[in-house]
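For the sequence shown, the positions run 1 to 315 when UniProt numbering is used.
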Amino acid sequence: MSGETKEVLGNNYVHNDVIINRLIDKMTLFDDNLMSLVFGQNIETTELLLRVIMERDIKVIDVRGQDELKNPVIGGRCITLDVHAIDVDGRHIDIEVQINAEGSHVRRARYHSSMMDARMLKEGQEFKEIKDSYVIFIYDHDKFRKGLPFYHIQRRVDETGEVFGDGSHIIYVNGRYEGNDDIGRMMRDFHQCRPEQIESETLSKAVAYYKEKEGRGAMSEAVRKYAMEYAKEYAKEYAKEYGEEQRREGMKAGIKTGIETGIETGIQTGRRTEIFLSVQDGDYSVNRGAEKLGMSVDEFEKSMSEAGYRVPELV
């Protein structure tokens, strides 16, 4: 942790540490901080996940979590891949988790794919030498609401229906799929916050390492880093409005807001998920679900639908 971070946290460090530990306890593999550590630092867990999703054996030779790809254009948008893997055949694979509908526009997959492709060829290489790329989005909801475990996206020739074969692949994974098969079991494991509830021994050990053992410090640092990045952006806006001399006060407020936002988001997301599932399964009525979340019925139905859940018809 930088000296500036420690100074800004100041006397609130212990309090923040308590909050961060509470947040870590509630995290599942749908949280990109935990997911990036569990898979991004571990070839074994990454190969396990990819074998289930790609339905074939795969040998990974390199994997990195939170891998930033900088845009070479000044002012262009950079991206950070949750997990960036390269297999033995040189194929590049981006694995992303998404817990809500925000940021899930289909053109995001196109952008991620293009950013990986742009780094595959060196000067002088021919275009035919570019390797295949895979962008895999694991959503906490059913992106296309068809109940399928996977949705594979490839370019095709409109007139013939034949696969174009340019080597670009996009896969959406339905995080709400509960089939009694490998991907159903994997998605159930993704929803568990306690390592002992994870069926896969490999995943259970990896999650336990970052939640209960030596790796907990790295997990805490990842959450703290998120809070600092949030604080920096918060401080910029604060300084614009109140003057540069208030930047440090803005930084302090930003850290507090960043951490508490993480806690609140986790709690709210879990509560929404529980209630959406209860309504979908018929345990609650739509009216009761809306009441529990303090929403109007229209707001509730819209939110539930956007999150990928089936909204029962009102009777």
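Glycine included, every Cβ here is placed at the ideal spot set by N, Cα and C. Remember, it's a predicted structure, so these values are computed and weren't measured experimentally.
Fill in: Assigned exposure category for Gly289 - 16 Cβ within 10 Å defines buried
Numbered from 1 along the sequence shown, position 289 holds the residue referred to as residue 289. Buried, by the Cβ-count rule.
3 or more residues per run - each beta strand (DSSP E) lying fully within the stretch 111-147: If we require 3 residues or more, the beta strand (DSSP E) runs fully inside the stretch 111-147 come out as 133-139.
Which partner residues does Glu68 have in the DSSP bridge list? Numbered from 1 along the sequence shown, position 68 holds the residue referred to as residue 68. Its beta-bridge partners are Thr80.
Does the distance from the CB of Leu34 to the CB of Tyr210 come in under 8 Å?
The residue given as residue 34 occupies position 34 in the sequence shown. The residue given as residue 210 occupies position 210 in the sequence shown. Closer than 8 Å, so yes.
**Request:** Enumerate in chain order the residues of its own chain whose CB-to-CB distance from Tyr139 is below 6 Å, with the five nearest sequence positions on each side excluded.
**Result:** Position 139 of the sequence shown, counted from the start, is the residue given in the question as residue 139. Only Gln98, Gly175 meet the Cβ criterion.
Distance, Cα to Cα, Asn287 vs Met304? What you label residue 287 is simply residue 287 of the sequence shown in a count that begins at 1. What you label residue 304 is simply residue 304 of the sequence shown in a count that begins at 1. Cα to Cα, the separation comes out at about 12 Å.
- Within the same chain, show all residues whose beta-carbon is closer than 6 Å to that of Met187, passing over the 5 residues directly before and after it, in chain order. Translated into the one-based positions of the sequence shown, residue 187 becomes position 187. If we look at Met187 and ignore the five residues flanking it on each side, its Cβ neighbours are Gly175, Tyr177.
What whole-angstrom Cβ distance do residue 323 and Arg155 have, given they're in contact under 8 Å?
Because the chain in this structure spans residues 1 to 315, residue 323 falls outside the shown range and cannot be described.
### Query
At which residues does the beta strand (DSSP E) containing Val286 begin and terminate?
In the sequence shown, residue 286 corresponds to position 286, counting from 1. For Val286, there is no enclosing beta strand (DSSP E); the enclosing alpha helix (DSSP H) has its first and last residue at 286-292.
Do you know how far the Cα of Val38 is from the Cα of Gly76?
-> Within the sequence shown, the letter at position 76 stands for residue 76. Within the sequence shown, the letter at position 38 stands for residue 38. Gly76 and Val38: Cα-Cα distance of roughly 30 Å.
ask   = Between Val18 and Gly124, what straight-line distance do the alpha-carbon atoms span, to the nearest angstrom?
value = Position 18 of the sequence shown, counting from 1, holds the residue named residue 18. Position 124 of the sequence shown, counting from 1, holds the residue named residue 124. Counting only the Cα atoms, Gly124 lies some 54 Å from Val18.
- prompt: Smallest Cα separation from Asp62: which of Met219, Cys78, Ile79, Asp89?
  reply: In the sequence shown, counting from the first residue as 1, residue 62 sits at position 62. It is Asp89.
### Message
Can you find the residues in the same chain that come closer than 8 Å, C-beta to C-beta, to Lys70, ignoring five residues on each side of it along the sequence?
### Response
Looking up residue 70 in the sequence shown gives position 70. Closer than 8 Å at the Cβ level, and outside the excluded window around Lys70, lie Cys78.
Exercise. Who are the near neighbours of Leu49 in its chain, counting only those whose CB is closer than 8 Å to its CB and skipping five residues on each side?
Worked result: Translated into the one-based positions of the sequence shown, residue 49 becomes position 49. Counting only Cβ-Cβ distances below 8 Å, and skipping sequence neighbours, we find Phe39, Ile95, Met186.
Could you tell me whether the Cβ of Leu69 comes closer than 8 Å to any Cβ of chain C?
Note that chain C does not occur in the displayed structure, where there is just one protein chain.
Exercise. Is it buried or exposed for Leu121, if we count other Cβ within 10 angstroms and need 16 for buried?
Worked result: Working through the sequence shown from its first residue, we reach residue 121 at position 121. Using a 10 angstroms sphere on the CB of Leu121, the tally of other CB atoms stays under 16, which defines it as exposed.
Quiz prompt | Pair within 8 Å by beta-carbon distance, Phe150 and Ile171 | solution = Position 150 of the sequence shown, counted from the first residue, corresponds to residue 150. Position 171 of the sequence shown, counted from the first residue, corresponds to residue 171. Yes, the pair counts as a contact, with Cβ atoms nearer than the cut-off.
inquiry  = Distance check for Val106 and Gln41, CA to CA, integer angstroms please.
reply    = Here residue 41 corresponds to residue number 41 of the sequence shown, with the count starting at 1. Here residue 106 corresponds to residue number 106 of the sequence shown, with the count starting at 1. Distance from the CA atom of Gln41 to the CA atom of Val106, rounded to whole angstroms, is 28 Å.
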